[in-house]
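Read through the structure below, which is laid out as structure tokens, and then see the notes.
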């Protein structure tokens, strides 16, 4: 009788413990559902050795809710040690692995999800986003297109495909797809503003204006749409209308550089020179390298009350418009190198010599000298021989002035110069 009693007691205690554990886990999940994430993590820290799958999963959700993604990933990995079959766990692992930059692992989890169901929207979409974020645009576009084939009227997928097409340089396809997405969902303000920006960058202000006007019927106070509408009007030379748009934005507290700059420019081109000055001043203070602002501000001041500052601004604009010496030199050198590869060595040498005289580029003087070491040609071509003598003497003179000299090169130059002296003796020339 006693063993039976002991066994029943143990069974009762086990059932009670299981009920307590289940109640504890249910309580944790309730706290997660109520977004009380910090309390769940505190409980998880207090009971680290008694966490079953459900408790670990709840702790992972809580860590995610507090943006503690590495910690969430560790809890989900503990879940994986006890149960690898659950789809929800693969989703959570892929999500948190991606959030902490472990993209290879995130990809593997998503591919495992896709193996279970190749048509699964979540797995395909997350793979597309993963590849997109990694810069693998071609592969991302393939997944977006796969999803779009199954849901051809989805404007979000259309915009994703259009973004990929744009980055791949397929701008015709991108614009067409952007427009399809816009017509499917014209009330999406941010998407419309982004489309208008694309149209403006493609020098298509009429289309941008139409997009903004359509979207503004749904969101008449949307700031980005109104900014883009103002820029479209400005691009169409409708300066007074653009001024009206920017003046309204300024009155509402819009102090962005775009609004101040083009608001000032619109006022200037509308003939409101005095009113344009404060906006142009503010835009110039924020970006002193903007040549157009510098010129218009100078002109507005010259037309009104400060010609002295106007001249100073014109001088600054002139300096800003001058190319950087380093870039200018790079252009000349690259052009010369291309002439040289194309067999047009005389044209290349003229540019190398230009850089030698302007920038004291001794290395380029040496490159010219290398082109005039053909002894056989010098014997047949007098013009070539004269240039050879000239560049050799110049190169030797400059080389002798350098602190470090190579003995072999000095010997070669000495041989060449002695040949020139002998030639002068037989020709009876003095120079």
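Numbering (the working numbering), first residue to last: 82 to 512. No residue lacks a Cβ here, since even glycine has one placed at the ideal position from N, Cα and C.
Check: Just the Cα atoms here: how many angstroms apart are residue 190 and residue 154?; Outcome: 13 Å
Check: I'd like to know if the segment 368-376 and the segment 395-403 are in contact, where contact means that at least 3 CB-CB pairs between them fall below 8 Å.; Outcome: yes
Check: Alpha carbon to alpha carbon, what distance is there between residue 167 and residue 160?; Outcome: 10 Å
Check: Rounded to whole angstroms, what's the CA-CA distance from residue 322 to residue 343? Just pull it up for me.; Outcome: 12 Å
Check: How about residue 422: is its Cβ closer than 7 Å to a heavy atom in the ligand FAD?; Outcome: The ligand FAD is not part of this structure, which contains no ligands at all.
Check: Using DSSP with H/G/I as helix, E/B as strand and the rest coil, what is residue 181?; Outcome: coil
Check: Tell me which residues share the same chain as residue 445 and place their Cβ nearer than 6 Å to its Cβ, disregarding the 5 neighbours each side in the sequence.; Outcome: 433, 436, 437
Check: I need the straight-line Cα distance from residue 142 to residue 317, nearest angstrom please.; Outcome: 52 Å
Check: Between residue 352 and residue 327, which are expected to be in contact by the criterion C-beta below 8 Å, what is the C-beta distance as a whole number of angstroms?; Outcome: Contact flag wrong, Cβ pair sits at about 15 Å.
Check: Can the beta-carbon of residue 423 be found closer than 8 Å to that of residue 449?; Outcome: no
Check: Taking residue 207 as part of the alpha helix (DSSP H), name the residues at either end of that continuous run.; Outcome: 202-214
Check: Examine the Cβ distances between the segment 482-490 and the segment 458-469 and report whether three or more of them are shorter than 8 Å.; Outcome: no
Check: Kindly indicate which three-state DSSP category residue 104 falls into: helix, strand or coil?; Outcome: The predicted model places residue 104 with a pLDDT of 47, which falls under 50 and marks its position as unreliable, so this point remains unresolved.
Check: Ordered along the chain, which non-local residues of its own chain (more than five positions away) have a Cβ less than 6 Å from that of residue 102?; Outcome: Residue placement at residue 102 is flagged as unreliable, the pLDDT there being 45, under the threshold of 50; a coordinate-derived value is accordingly withheld.
Check: If you draw a straight line from the C-alpha of residue 296 to the C-alpha of residue 252, how long is it?; Outcome: 22 Å
Check: Quick check: what's the CA-CA separation for residue 235 versus residue 133?; Outcome: 40 Å
Check: Sorted by chain position, which residues of the same chain lie with C-beta nearer than 7 Å to residue 206's C-beta, five sequence neighbours on each side aside?; Outcome: 228
Check: Identify whether residue 165 lies in helix, strand or coil by the three-state DSSP scheme.; Outcome: coil
Check: Identify, in the order they occur along the chain, each residue of the same chain with its Cβ nearer than 7 Å to the Cβ of residue 144, setting aside the five sequence neighbours on each side.; Outcome: 122, 152, 153, 156
Check: Grab me the residues of residue 428's own chain with a C-beta within less than 6 Å of its C-beta, minus the 5 sequence neighbours each way, in chain order.; Outcome: 420
Check: Label residue 94 either buried or exposed according to how many other C-beta atoms from any shown protein chain fall within 10 Å of its C-beta, with 16 as the threshold for buried.; Outcome: Low local confidence applies: a pLDDT of 45 at residue 94 is under 50, so the model's placement there is unreliable, with the coordinate-based value given in what follows. Looking at its Cβ environment, which holds fewer than 16 other Cβ atoms inside 10 Å, residue 94 is exposed.
Check: If contact is defined by three or more beta carbon pairs under 8 Å, each pair taking one atom from either stretch, is the segment 353-361 in contact with the segment 381-388?; Outcome: yes
Check: What residue does the alpha helix (DSSP H) around residue 146 start on, and which one ends it?; Outcome: 134-146
Check: Measuring alpha carbon to alpha carbon, tell me which residue in 454, 475, 417 is nearest residue 443.; Outcome: 475
Check: Mind reading off the beta-carbon distance from residue 223 to residue 239? Whole number of angstroms is fine, and I expect it under 8 Å.; Outcome: No, residue 223 and residue 239 are not in contact; Cβ-Cβ is about 15 Å, not under 8 Å.
Check: How long is the line joining the alpha carbons of residue 391 and residue 408, rounded to whole angstroms?; Outcome: 29 Å
Check: Sorted by chain position, which residues of the same chain lie with C-beta nearer than 7 Å to residue 338's C-beta, five sequence neighbours on each side aside?; Outcome: 364, 367, 368
Check: Sort 416, 454, 406 by Cα distance to residue 439 and report the nearest one.; Outcome: 406
Check: Measuring straight from C-alpha to C-alpha, what distance separates residue 100 and residue 162?; Outcome: Note that residue 100 scores a pLDDT of 43, beneath 50, so its modelled location is shaky; the value from the coordinates is reported in the next line. Spanning the two alpha carbons is a distance of roughly 23 Å.
Check: For residue 286, which option in 265, 319, 452 has the closest C-alpha, if you only look at C-alpha atoms?; Outcome: 319
Check: CB-CB under 6 Å to residue 212, same chain, minus the five flanking residues each way: which ones, in chain order?; Outcome: 220, 221
Check: With a threshold of 16 other CB atoms inside 10 Å of the CB of residue 113, please say whether the residue is buried or exposed.; Outcome: buried
Check: What is the DSSP secondary structure of residue 403, counted as helix, strand or coil?; Outcome: coil
Check: Could you tell me if residue 324 is buried or exposed, where buried requires 16 or more neighbouring beta carbons within 10 angstroms of its beta carbon?; Outcome: buried
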